[in-house]
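**Student:**
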Amino acid sequence: NINVTGQAARELLANDVTTQVGQKFQATTDNIQKITLLLGIRRDDSVALEDVYDWTGDIIVSIYPLQTTVACPTAIIPSLAIDFEPESTPLAQISFSQATLEDAGYILNEVAQPVDFVFNSTKLGAGATSGITADDYLAVTVKRSGASTSGTIFAETATDRLSDSRLTIFSGVWVDVPENDLWFQVWTDAAKVADGRGYDEGNGIQYDKTTTDPETGATIDNQIVDKSFADTGENILNIGVLQAITEESITVQDERTGNNINSRQQFVPSFSFVDLAGLTTLQQTANPLIIGCAQDTNSKQNALLTKEQDIVGLASGDQFCIVNPDPDLLSLNLIGSKLIPSISCAEDEFRIFKVDLCVDGYGDVNGDGYIDAQDIAAASALLGESLELTTTQQKIIDGYFSTLSLLRADVDGDGYITANDVSLITQFVNRSINSFPAGSSFTHMCLTVQQSTGRFDGYYDCDGYVRLDGYSGLNIVDPNDLDPLELLYDGYLIDPMIQGNSIFTTVPFVGVTYQIRHSPFWQPHFVALSSDARIVPAAFQDDASIVQQSCASPLSFECEDQNDITPVCDPGRNDFYVPDNLIIDKGTMVRPDGTPVKVDFEMGIIILQLPEDPLEEVALNLFDKFVADRGDGLTRGGFPAMRYFDCSTVQDADLSLNRVRFDVSIQAFVPNLDGYDPTDGYGIIIDDIIGVHLDQITGILKLSIKDLFEDQVFKTLVTKIQIIVFLKKAGWNNQTITVESQELAGLLST
Numbered sequence: 116n117i118n119v120t121g122q123a124a125r126e127l128l129a130n131d132v133t134t135q136v137g138q139k140f141q142a143t144t145d146n147i148q149k150i151t152l153l154l155g156i157r158r159d160d161s162v163a164l165e166d167v168y169d170w171t172g173d174i175i176v177s178i179y180p181l182q183t184t185v186a187c188p189t190a191i192i193p194s195l196a197i198d199f200e201p202e203s204t205p206l207a208q209i210s211f212s213q214a215t216l217e218d219a220g221y222i223l224n225e226v227a228q229p230v231d232f233v234f235n236s237t238k239l240g241a242g243a244t245s246g247i248t249a250d251d252y253l254a255v256t257v258k259r260s261g262a263s264t265s266g267t268i269f270a271e272t273a274t275d276r277l278s279d280s281r282l283t284i285f286s287g288v289w290v291d292v293p294e295n296d297l298w299f300q301v302w303t304d305a306a307k308v309a310d311g312r313g314y315d316e317g318n319g320i321q322y323d324k325t326t327t328d329p330e331t332g333a334t335i336d337n338q339i340v341d342k343s344f345a346d347t348g349e350n351i352l353n354i355g356v357l358q359a360i361t362e363e364s365i366t367v368q369d370e371r372t373g374n375n376i377n378s379r380q381q382f383v384p385s386f387s388f389v390d391l392a393g394l395t396t397l398q399q400t401a402n403p404l405i406i407g408c409a410q411d412t413n414s415k416q417n418a419l420l421t422k423e424q425d426i427v428g429l430a431s432g433d434q435f436c437i438v439n440p441d442p443d444l445l446s447l448n449l450i451g452s453k454l455i456p457s458i459s460c461a462e463d464e465f466r467i468f469k470v471d472l473c474v475d476g477y478g479d480v481n482g483d484g485y486i487d488a489q490d491i492a493a494a495s496a497l498l499g500e501s502l503e504l505t506t507t508q509q510k511i512i513d514g515y516f517s518t519l520s521l522l523r524a525d526v527d528g529d530g531y532i533t534a535n536d537v538s539l540i541t542q543f544v545n546r547s548i549n550s551f552p553a554g555s556s557f558t559h560m561c562l563t564v565q566q567s568t569g570r571f572d573g574y575y576d577c578d579g580y581v582r583l584d585g586y587s588g589l590n591i592v593d594p595n596d597l598d599p600l601e602l603l604y605d606g607y608l609i610d611p612m613i614q615g616n617s618i619f620t621t622v623p624f625v626g627v628t629y630q631i632r633h634s635p636f637w638q639p640h641f642v643a644l645s646s647d648a649r650i651v652p653a654a655f656q657d658d659a660s661i662v663q664q665s666c667a668s669p670l671s672f673e674c675e676d677q678n679d680i681t682p683v684c685d686p687g688r689n690d691f692y693v694p695d696n697l698i699i700d701k702g703t704m705v706r707p708d709g710t711p712v713k714v715d716f717e718m719g720i721i722i723l724q725l726p727e728d729p730l731e732e733v734a735l736n737l738f739d740k741f742v743a744d745r746g747d748g749l750t751r752g753g754f755p756a757m758r759y760f761d762c763s764t765v766q767d768a769d770l771s772l773n774r775v776r777f778d779v780s781i782q783a784f785v786p787n788l789d790g791y792d793p794t795d796g797y798g799i800i801i802d803d804i805i806g807v808h809l810d811q812i813t814g815i816l817k818l819s820i821k822d823l824f825e826d827q828v829f830k831t832l833v834t835k836i837q838i839i840v841f842l843k844k845a846g847w848n849n850q851t852i853t854v855e856s857q858e859l860a861g862l863l864s865t
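Count along the sequence shown from 1, then add 115; that gives the number in the numbering used here.
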């Protein structure tokens, strides 16, 4: 939402190295990580198309503190701090030529774009060295220097809407323009504290959600913002600490002395960040209230990395992958840096915008995270392949399979996919072995890149069209109708094709030397914040009371007294929250009647007495017939529905919610040995069968049974199957493990 409200832009003309266009503003923290300005360049149609946006010399961006005194005793002293002129010496200064600005990712044209000037690696990036304190007045200025013989650079302005900022121009003397502001953004390492209540050493403190505007008296949001980091170093942890301090208020006159004194004290919150050393110091004398932490992970100044890529097929499309990256690659934040895939073609460079670090398991050929029969088949399809073979390299380039799948299949580490690799993976799947000669895993890092320049400000759209007229209108042009220079100037993002360099598709692959070069980069989403306060116990009220469940089995048919009416009104409930451990010494948790509180665990038992009649692959839905409530307290088999510890019945969805588990066992086995046959006479049955299979996912029990005996008098002589149903309303953490026969053989052999 870039709005310049129709104000005239401020220009820096060719051959003008004196004029400075600046913006005065009030610092809210003690550091500056970057400043964003809205810059562009006038089109020059008198030159060739490729030169219409050229400019020469350098642009210099400086940050000055404002003076606080006047140098001449006779000079008029400004009434406001913002009215003072900037100091003659800047706090920090950076410069760009057209080439270095393009290297940073920006190509200016007549539609202004936000340009980031990153100061995080200068002294302004750290509060200890910045020379800035909160509420100081500063000025950021842009000027030209050097052989600035061509091009008119401009900075967009807008109507002044901020009481603590204004436009300022230098052309021999400083002149403020209070009615205007530059379009600008100042980015710092700081955090906002939300409203809430806390206790420090027993003293209650709170940040209110709203406050009263001292000027208008209106109720406004209470903004507790711009809390500077203690240390803005890369990946340095800053811990947010809240303290209760005493604040005096309500001024009255002392009756004895007549002096004004404060008559009331109250505890108010004071927030600050400390580093680990500061936290250790605090903890030696107190128990600080920690409410969160933060760290800036933006890179400051990475070293130039020059590495070798000697594996074919790891550069494709917008990804460049490295197998087993070294500590340099692992320790640095590479986002925003430039990737040069091959230094033999240094003009091909891309900007890194995503880094993925993956762990690859040997044997997991298809890369799905599991080693199973599918990987055996995938390894079999790769038999005879090797990264050393030109035929294999060509297949990888042609897309028949990936380099990573080949590396994952080489479990014996000899560089070739052979029958031994397939055998080893098969043995692993069958549990005959639990490791591979090559090891358990390797890592690979994939760098996802974009083109090194482009517009990221909404000037282009993601639907494949370019808006040539900037921020408004519907002048839509298909990018296929534009030449490369127009696409470049319009900032259209083209999907990178790293393998466009033939060195990555030439067989045999001889390897390349690549570079990763640091580029100034700072983005707010790399300032990581975490709010994790120490929570106190609390009581809550709710309008709905807890329904008391009855554990009595429902009656299908009963009578009730029509005049026995009890009025019902819901009193609500009180809930008590315990954030951490509840420590009980000698007692226990009991109910109002003195009985112990039930734990969330119940067990139901089902005993099936098996008949003499043979059963062949019959199925019985245990969950429906014996466990789940059909809606009236009974199961679909007509039995009382099973209940949890709180007497609520099991519902149909509870099986999928992992609240129900089954166990099946043979309680008694009575085979029928009488093998009388009218033709063959008497014999003994020796092929009696009793087989069961229980599916934990569906709750279905399958039975295959024959040649059993059932005595009608002695119940001990009846074959019985016992099913135990375990109920836990909170759900079970562990899953059922089924070990197949070939896997068991493997486990027994290892």
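C-beta: ideal position from N, C-alpha, C; glycine also.
May I ask you to report which of helix, strand or coil DSSP gives isoleucine 63?
**Tutor:** Look at the range of the chain in this structure, 116 to 865, and you will see that residue 63 is not part of it.
**Student:** Suppose you measure from the CA of asparagine 223 to the CA of valine 233; what does that come to, to the nearest Å?
**Tutor:** The sequence as given places leucine at residue 223; asparagine does not occur at that position. Taking the straight line from one Cα to the other gives about 17 Å.
**Student:** Using beta-carbon positions only, say whether threonine 303 and isoleucine 147 come within less than 8 Å of one another.
**Tutor:** yes
**Student:** Run through DSSP, which three-state label would arginine 523 get?
**Tutor:** helix
**Student:** Apart from the five residues just before and just after threonine 412, which ones in its own chain have a Cβ nearer than 8 Å to its Cβ?
**Tutor:** Glu349, Asn350, Asn448, Phe641, Val642, Ala643
**Student:** So for cysteine 666, helix, strand or coil by DSSP?
**Tutor:** coil
**Student:** Once you ignore the five residues that flank glutamine 381 on each side, which residues in its own chain have a CB closer than 8 Å to its CB?
**Tutor:** Thr361, Glu362, Ser364
**Student:** Within the stretch 343–387, note down every full beta strand (DSSP E) run reaching 3 residues or more, in order along the chain.
**Tutor:** 353–368
**Student:** Does the stretch 145–159 come close enough to the stretch 338–349 that 3 or more CB-CB pairs lie under 8 Å?
**Tutor:** At 8 Å Cβ cutoff, the stretches touch.
**Student:** Within the same chain, show all residues whose beta-carbon is closer than 8 Å to that of glutamine 509, passing over the 5 residues directly before and after it, in chain order.
**Tutor:** Val622
**Student:** Which same chain residues, not among the five before or five after alanine 196, have their C-beta less than 6 Å away from its C-beta?
**Tutor:** Tyr252
**Student:** Looking only at its own chain, which residues have a Cβ that is under 7 Å from the Cβ of phenylalanine 624, when we skip the five neighbours before and after it?
**Tutor:** Val427, Gln508
**Student:** Tell whether a beta-carbon distance below 8 Å holds between glycine 155 and alanine 214.
**Tutor:** no
**Student:** What would DSSP say about threonine 183, mapped onto helix, strand or coil?
**Tutor:** coil
**Student:** May I ask which residues mark the beginning and end of the alpha helix (DSSP H) holding threonine 400?
**Tutor:** 391–400
**Student:** Starting from the Cα of serine 556, find the closest Cα among Thr563, Leu562, Val627, Gly484 and give me that residue.
**Tutor:** Gly484
**Student:** Would you kindly work out how many angstroms separate the C-alpha atoms of phenylalanine 465 and alanine 190, rounded to a whole number?
**Tutor:** 54 Å
**Student:** Where DSSP assigns a beta bridge to aspartate 231, which residues make up the other side?
**Tutor:** Thr151
**Student:** Taking buried to mean at least 16 other C-beta atoms within 10 Å of its own C-beta, is cysteine 473 buried or exposed?
**Tutor:** So cysteine 473 counts as exposed.
**Student:** Taking the beta strand (DSSP E) that tyrosine 252 belongs to, which residues open and close that run?
**Tutor:** If you look at tyrosine 252, you'll find it in the beta strand (DSSP E) that goes 252–260.
**Student:** Just to confirm the assignment, what range does the alpha helix (DSSP H) spanning phenylalanine 543 have?
**Tutor:** 534–544
**Student:** Whose C-alpha, out of Leu352, Asp685, Ser668, is nearest the C-alpha of arginine 661?
**Tutor:** Checking the displayed sequence, the identity of residue 661 turns out to be isoleucine instead of arginine. Nearest C-alpha to isoleucine 661: Asp685.
**Student:** What is the DSSP secondary structure of isoleucine 467, counted as helix, strand or coil?
**Tutor:** Looking at isoleucine 467 - three-state DSSP - the assignment turns out to be strand.
**Student:** From the DSSP output, in three-state form, read off leucine 597 for me.
**Tutor:** DSSP, reduced to helix, strand and coil, places leucine 597 outside both helices and strands of the structure shown, so it counts as coil.
**Student:** Please determine, among Lys469, Ser446, Ala659, the residue with the shortest C-alpha to C-alpha distance to glutamine 883.
**Tutor:** Examination of residue 883 is not possible in this model, given that the chain is present from 116 through 865 alone.
**Student:** Which residues in the same chain have their Cβ closer than 7 Å to the Cβ of alanine 494, if we skip the five residues on either side of it in sequence?
**Tutor:** Short of 7 Å from the beta carbon of alanine 494, and not among the five residues preceding or following it, lie these beta carbons of its own chain, in chain order: Val480, Ala524, Ile532, Asp536, Val537, Ile540.
**Student:** Looking at valine 185: is its Cβ nearer than 8 Å to the Cβ of isoleucine 192?
**Tutor:** In this structure, valine 185 sits near isoleucine 192, with a CB-CB distance shorter than 8 Å.
**Student:** Do isoleucine 804 and serine 822 count as a contact pair if the criterion is CB distance below 8 Å?
**Tutor:** As written in the sequence, residue 822 is aspartate, which differs from the serine given in the question. Cβ atoms of aspartate 822 and isoleucine 804: closer than 8 Å.
**Student:** Can you find at least 3 beta carbon pairs, one from the stretch 812–831 and one from the stretch 681–698, that sit closer than 8 Å?
**Tutor:** Touching, no, given that fewer than three Cβ pairs across the two stretches are closer than 8 Å.
**Student:** Assuming leucine 404 is part of the beta strand (DSSP E), what are its boundary residues?
**Tutor:** 404–411
**Student:** For serine 343, collect the residues of the same chain with a Cβ closer than 8 Å to its Cβ; drop the 5 residues on either side in sequence, then sort them by chain order.
**Tutor:** Thr144, Asp145, Asn146, Gly242, Ala249, Thr303, Asp304, Ala305, Phe388
**Student:** Leaving aside the five residues before and after asparagine 787 along the sequence, list all residues of the same chain whose C-beta is less than 8 Å from its C-beta, in chain order.
**Tutor:** Glu727, Ile800, Asp803, Asp822, Leu823, Phe824
**Student:** Whose C-alpha, out of Asn849, Ile406, Val308, Gly317, is nearest the C-alpha of isoleucine 354?
**Tutor:** The shortest C-alpha separation from isoleucine 354 is found at Ile406.
**Student:** Here's the rule: buried if 16 or more other CB atoms are within 10 angstroms of the residue's CB, otherwise exposed. What is arginine 758?
**Tutor:** buried
**Student:** Please confirm if the stretch 832–850 is in contact with the stretch 725–744, defined as three or more CB-CB distances below 8 Å between the two stretches.
**Tutor:** yes
**Student:** Could you give the distance in angstroms between the alpha-carbon of isoleucine 376 and the alpha-carbon of phenylalanine 691?
**Tutor:** 43 Å
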